[in-house]
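A.B. asks: Per this note's numbering, the very first residue in the sequence shown carries number 11; after that it's consecutive. In this text, a Cβ means the ideal position worked out from N, Cα and C, and glycines have one as well. Provided herewith is a single structure, encoded as structure tokens, for subsequent inquiry.
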Amino acid sequence: MIQRVQTIYLLLASILTGLTAWFELAIYYSGDQEIYRYGLFGNRATADGELFVPGNWMVQAVIVALSTLLALFIIFKFKNRKLQLKLGQFNYLLLVAIILSIYFSVRNLMNIEPLYEFDNVKAVYWIGFYMPVAAIAFQFLANRG
């Protein structure tokens, strides 16, 4: 039945994964000064508003879209629990791929030329990074329940 508790968990996982695209994933600081904000669709310099897009944004956007749509698709496969579980396991892989992709992108962007002029650059992961982590928890609850 579509009224099962798995539906709520999958809907929450889908919403959290989809919202990943709309929030910053990391913010770069040099000391106390905020210098760049990294989002799924580009890095924005906070001082001059300059926008540049990293090379792997399309891969991340596709994986986020696939994971979001897959969680919604799983909801409507309520008559076939085995298929739901297998698709849920595949969604785990997509969510882990999102997290790893974001992690390595944030680390790699610390080596770009515009950041060389700043001393002691550090990246702080922002809310967009933690949304797929929470989505994994809801996907786990949906597969378990």
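1. Can A36 and Y48 be called in contact, C-beta distance under 7 angstroms?
2. So who's on the other strand from Q43, going by DSSP bridges?
3. Using three-state DSSP, classify L35 as helix, strand or coil.
4. Can you tell me whether K87 is helix, strand or coil according to DSSP?
5. For N53, which of helix, strand or coil comes out of DSSP?
6. If you follow the alpha helix (DSSP H) that N153 is in, where does it begin and where does it stop?
7. Using CA atoms only, rank isn't needed, just tell me which of K92, L97, V69 and V143 is closest to F82.
8. Report yes if the CB atom of L76 is closer than 7 angstroms to the CB atom of L104, and no otherwise.
9. In angstroms, rounded to a whole number, what distance separates the CA positions of M11 and A152?
10. Short check: CB of I122 to CB of T17, under 7 angstroms?
11. What residue range is occupied by the uninterrupted alpha helix (DSSP H) comprising T17?
12. May I have the straight-line CA-CA distance separating V74 from G41, to the nearest angstrom?
C.D. replies: The relevant details are as follows:
1. Indexing the sequence shown from 1 puts residue 36 at position 26. Indexing the sequence shown from 1 puts residue 48 at position 38. Yes; because the gap between Cβ atoms is below 7 angstroms, this pair is in contact.
2. Position 33 of the sequence shown holds residue 43. Paired residues: S40.
3. Position 25 of the sequence shown, counted from the start, is the residue given in the question as residue 35. Strand at L35.
4. Here residue 87 refers to the residue found at position 77 of the sequence shown. Reduced to three states, the DSSP call for K87 is coil.
5. Taking the first residue of the sequence shown as position 1, residue 53 is located at position 43. Three-state result, N53: strand.
6. As a position in the sequence shown, residue 153 is number 143, starting the count at 1. Element bounds for N153: I137 to R154.
7. Walking along the sequence shown from the start, residue 82 turns up at place 72. A small fix is needed here, since residue 82 is Leu in this sequence, not Phe. For L82, the closest of K92, L97, V69 and V143 by C-alpha to C-alpha distance is L97.
8. For the purposes of this step, residue 76 is taken as residue 66 along the sequence shown, with counting starting at 1. For the purposes of this step, residue 104 is taken as residue 94 along the sequence shown, with counting starting at 1. Yes, these two residues count as a Cβ contact at 7 angstroms.
9. Here residue 11 is taken as the residue at index 1 of the sequence shown, counted from 1. Here residue 152 is taken as the residue at index 142 of the sequence shown, counted from 1. Residue placement at M11 cannot be trusted, given a pLDDT of 44 that sits under 50; what the coordinates show is reported in the next sentence. Their backbone Cα atoms lie some 13 angstroms apart in a straight line.
10. Locating residue 122 in the sequence shown gives position 112, counting from the first residue. Locating residue 17 in the sequence shown gives position 7, counting from the first residue. Going by beta carbons, I122 and T17 fall outside the 7 angstroms limit.
11. Within the sequence shown, residue 17 is the residue found at index 7, counting from 1. Start and end: V15 to L29.
12. Residue numbering aside, residue 74 sits at position 64 when the sequence shown is read from its first letter. Residue numbering aside, residue 41 sits at position 31 when the sequence shown is read from its first letter. Rounded to whole angstroms, V74 to G41 spans 32 angstroms at the Cα level.
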